[in-house]
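Per our numbering, the very first residue in the sequence shown carries number 611; after that it's consecutive. Ideal Cβ positions, reconstructed from N, Cα and C, are used throughout, including at glycine. Remarks on the structure that follows.
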Amino acid sequence: MGSGARRVAEIRADKSRNAGATPILVTSIVRRNFDASGKIKRDQNVPYVEAVRRLAAEKNVTLIDLEPSLKPYLHDLVARWQSGTW
611 MGSGARRVAE
621 IRADKSRNAG
631 ATPILVTSIV
641 RRNFDASGKI
651 KRDQNVPYVE
661 AVRRLAAEKN
671 VTLIDLEPSL
681 KPYLHDLVAR
691 WQSGTW
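Next up, the structure:
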């Protein structure tokens, strides 16, 4: 997350809290970008995901972390596809 995007997220979290709302940050999902063995490759979204996690921790904001919850699902899909049980 670039410094501009981070600042916008900080401002939105602060404005939400000041308005009496509960701010929530959400990480982006894993992309379907696999290596030859079917493992998910690290891509350009990883630094953004890590930055959102840090910002949520620093600002004490609720975080919905989609990235780790989708990895096992995508690995299962790839395994099923590779085995022909799709």
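Check for me: the alpha helix (DSSP H) holding Val-662 runs from which residue to which?
Counting along the chain, the alpha helix (DSSP H) containing Val-662 begins and ends at 655-669.
How about Leu-676 and Val-636: do their beta carbons lie closer than 8 Å?
yes
When we look at the beta-carbon of Val-618 and count the other beta-carbons within 10 Å, is it buried (16 or more) or exposed?
exposed
Closer than 6 Å by C-beta to Lys-651: which residues in its own chain qualify, once you throw out the five before and the five after it? Chain order, please.
Asn-643 and Asp-645
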